[in-house]
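With the working numbering as the guide, the letters of the sequence shown map in order to residues 24 to 669.
Every residue gets a Cβ at the ideal spot worked out from N, C-alpha and C, and that includes glycine.
It should be emphasised that the depicted structure is a prediction, and the values quoted were computed from it without experimental measurement.
Below you'll find the structure, written out as structure tokens, and then a few comments.
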Amino acid sequence: MTTQVPASLPATDVDGASSGLAEALAQVGRGEELSEALAERLLAWVGRHDWQQAEGPGPYARHVVSLGDAGEVMVATWRVAARAPCAPHDHGDASGVVLVARGTFRERTFVLDATGLTRTRERVLEEGAVLSIGRGVIHDMASIGDGPGVTLHLYAPSPAATRLYDDVKRRTLLVGPGSGAWLPADQVLDETPWAAPKATGRVIWIGYTTLYRDGGPKFARAAHTLGRELSADAHAKVVVQAVESKAEFVAAMSGFRERGEALSELHFIGHSGLYGPMFRTTSMPEQFSPHEWANLAIPFSHDAAAYFHCCRSARWFAPFFARTFGVRAHGYHLYTTFSRRKDRFRWDLAFLRTSKDRAAPLYVVALPGKKSHGLLASLAKYSHLAPTEKMTRFDAAPDAPAEDRSYDAVADLYDAAFQDIGVRRAEVRWIERHLPARASQGASLPRVLELGAGNGSLLARLAPRIESGLGVDASAGMVERARRRFGRLKNVAFEPIAGPSLPCDDHSIDVVVSMLSWRYLDWDPIMAEIRRVLLPGGRLLVVDMVALPVRARDAPRFLKTKLDQARVHATDARFRRDLRRLVTHRDWATMLKHNPMRAEHEYRWYFESRFPGRKLELLTVAFASRVVAFDSGPLARDFALPQSYP
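The structure is reproduced here in structure tokens:
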């Protein structure tokens with residue numbers, strides 16, 4: 024976002040900021056460093072003004088103070104604790120100076136070489152720091168402090184255009200003056216693809232985990248077995264590495280980029296969830312979200328391939344990875360196990376043998392078993408009769424349209440079926456019971472933000488009990504229907520969003536609600552945004568459907584769920600008819616394919632690790648799924664987020 028500051032602002036400053044800015048631009052244009060006195064004078068001027076905080080798509084907002092032949096002066100206000108950097112960029116033929124007026128920042132510089140962007144320097148800039156930027160220097164910045172960040176930028180001459188460096192899609196974008204340094208970019212004037220990275224030899228990386236769930240020592244054995252076999256290629260460099268967190272994975276990929284190495288093959292051996300590899304432990308699990316994967320820079324070579332040796336990685340993640348990174352990706356449809364042979368299951372009994380046997384080759388294989396195919400499959404497995412599954416290959420399709428994970432295609436059908444959200448009786452009643460009667464501060468009614476508001480029925484139902492409500496949704500079609508249906512309500516509004524960025528001021532919301540939408544979200548990035556927008560004492564309420572088959576101990580809840588559903592269907596013929604039309608439509612099946620349910624334990628471990636002492640609740644049970652709920656309880660201002668990345 025760019026705002027134009029009134030031209031009179033510098034001139035009315037009693038300290039004569041206009042002359043100070045002109046003097047500073049002249050020094051920048053000559054390539055000189057700012058004098059300490061001039062820097063202090065400019066920082067004091069910035070500090071006297073209340074700059075509007077960042078809104079819109081990027082990590083910061085641009086406030087243009089002056090723009091002319093002599094140069095450009097701009098103030099940037101950064102999102103609180105967003106920690107997301109701007110895109111790597113340069114300023115063309117302009118020199119620049121950045122002064123840190125408020126907050127703490129990380130700045131990195133890069134060079135563009137045959138493998139992509141390679142980081143050359145990283146440093147932390149505290150309040151009062153002055154950063155000089157030479158012509159053509161590629162760098163990025165991120166606000167890493169706990170409070171709002173404000174920086175003053177001076178460029179001379181005024182940049183005619185800015186180059187953004189997209190390390191994920193390997194391209195340089197030329198954007199017009201006034202554009203922010205973020206992706207996706209606006210005002211793109213030109214696009215230059217990078218040459219394919221040149222590797223001196225094949226580089227193969229094998230990553231594995233040892234801490235998440237069980238099997239850690241065997242994952243290590245399997246990784247080293249694969250490493251020894253791939254090392255038979257004398258021209259290949261094979262790296263076998265334990266990566267126990269998201270941060271360690273990112274660091275491993277950054278290391279290859281900084282050494283100018285491009286990966287021919289990437290292998291991951293470990294446990295996986297719906298969205299790919301799992302890291303850390305079950306008491307503090309980590310997993311990259313789709314948004315985070317799409318923004319990772321992995322230095323693949325031309326014609327590279329990725330292999331995910333983990334349970335059911337072909338179901339969603341491997342095809343997603345192929346589309347996202349433009350490489351061949353491989354995965355399994357079935358559950359995995361350890362085997363002494365590749366082609367048939369052979370039980371590893373090394374724990375009964377000598378230490379030499381315990382170092383024998385071991386493989387991660389997939390094949391039908393009791394969990395997926397019942398007792399007969401288990402018998403075939405342990406009788407060494409069933410062959411192992413061959414990895415499914417998914418080819419890169421860089422020109423294929425991005426999959427639409429929103430409800431746009433089924434918006435009319437969904438809106439018709441859920442005109443009255445009260446048909447979701449158990450879910451709605453739970454939210455109504457847990458919605459605070461008062462705001463977290465003061466005696467007013469609570470201010471509510473609903474994630475995945477759909478057609479707006481829930482927020483409209485809550486309207487009499489809240490001060491204000493904002494419903495956001497990734498489906499523009501659903502937002503349109505919500506506005507059309509409930510636009511008459513004075514205290515609720517609906518906005519479309521794209522990605523994990525919430526259109527709310529810092530510390531402005533009492534309650535964040537997500538009903539049957541959490542599985543569509545990018546968990547860690549959206550949690551960082553929830554942390555930003557919640558007031559002290561605010562809370563998060565989540566209700567969602569998860570995958571877990573009915574068990575014997577679930578029988579009472581299962582029967583109650585079925586009776587409640589039968590009662591609703593018997594008394595509401597319209598809902599019964601419209602629901603059938605929705606769930607039997609091919610577009611509904613396509614939407615579910617792109618948004619499969621996540622496992623119950625993923626929710627339980629995630630929420631109970633982030634909010635110690637709080638427990639996941641069970642609301643309803645069906646044959647293969649159930650509805651769970653979570654109330655974070657009152658949260659402290661800027662409550663801690665324990666993930667290692669971002």
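Residue j beta carbon less than 9 Å from that of residue i
i           : j           : result
residue 154 : residue 187 : no
residue 120 : residue 245 : no
residue 297 : residue 323 : no
residue 231 : residue 218 : no
residue 131 : residue 173 : no
residue 198 : residue 177 : no
residue 668 : residue 147 : no
residue 450 : residue 488 : no
residue 556 : residue 529 : yes
residue 116 : residue 162 : no
residue 629 : residue 308 : yes
residue 61  : residue 43  : yes
residue 648 : residue 569 : yes
residue 545 : residue 315 : yes
residue 358 : residue 293 : no
residue 345 : residue 419 : yes
residue 623 : residue 571 : yes
residue 626 : residue 653 : yes
residue 283 : residue 136 : yes
Buried versus exposed, by CB contacts within 10 Å (16 or more), residue i
i           : result
residue 601 : buried
residue 467 : exposed
residue 75  : exposed
residue 392 : buried
residue 286 : buried
residue 258 : exposed
residue 567 : buried
residue 306 : exposed
residue 151 : exposed
residue 193 : buried
residue 465 : exposed
residue 398 : exposed
Those residues which DSSP pairs with residue i across a bridge
i           : result
residue 265 : 231
residue 445 : DSSP output for residue 445 lists no bridge partner at all.
residue 533 : None; residue 533 has no bridge partner.
residue 188 : 195
residue 653 : 565
residue 354 : 415
residue 302 : 309
residue 371 : In the DSSP output, where bridge partners are listed per residue, residue 371 has none listed.
residue 129 : 147 and 165
residue 292 : 231 and 332
residue 69  : Per DSSP, none; premise fails for residue 69.
residue 496 : 519
residue 386 : 362
Nonlocal neighbours in the same chain, by C-beta distance under 8 Å from residue i, ignoring five residues either side
i           : result
residue 295 : 301, 331, 333, 334, 335, 336 and 340
residue 543 : 428, 475, 497 and 618
residue 445 : 451 and 484
residue 437 : 430, 477, 478, 501 and 605
residue 459 : 469, 533, 534 and 562
residue 338 : 297, 354, 356 and 619
residue 134 : 140, 141, 143 and 161
residue 657 : 463, 560, 561 and 562
residue 118 : 51, 52, 54, 155, 156, 157, 158, 178 and 179
residue 129 : 108, 145, 146, 147, 148, 164, 165 and 167
residue 368 : 360, 362, 388, 390, 404, 405, 407, 409 and 411
residue 394 : 358
Residues near residue i by beta carbon distance below 7 Å, same chain, minus five either side
i           : result
residue 416 : 351 and 353
residue 56  : 155
residue 224 : 258, 259 and 260
residue 655 : 562, 563, 634 and 637
residue 70  : 124
residue 553 : 535 and 563
Residues near residue i in its chain [Cβ-Cβ closer than 6 Å; skip 5 each side]
i           : result
residue 190 : 139, 140 and 320
residue 93  : 48
residue 208 : 187, 196 and 198
residue 493 : 472 and 516
residue 342 : 417
residue 660 : 559
Validate contact between the region 528-535 and the region 551-565 using beta carbons, cut 8 Å, 3 pairs: Cβ pair count under 8 Å is three or more, so yes.
Contact between the region 638-657 and the region 570-584: three or more CB pairs below 8 Å? They touch, by the three-pair rule.
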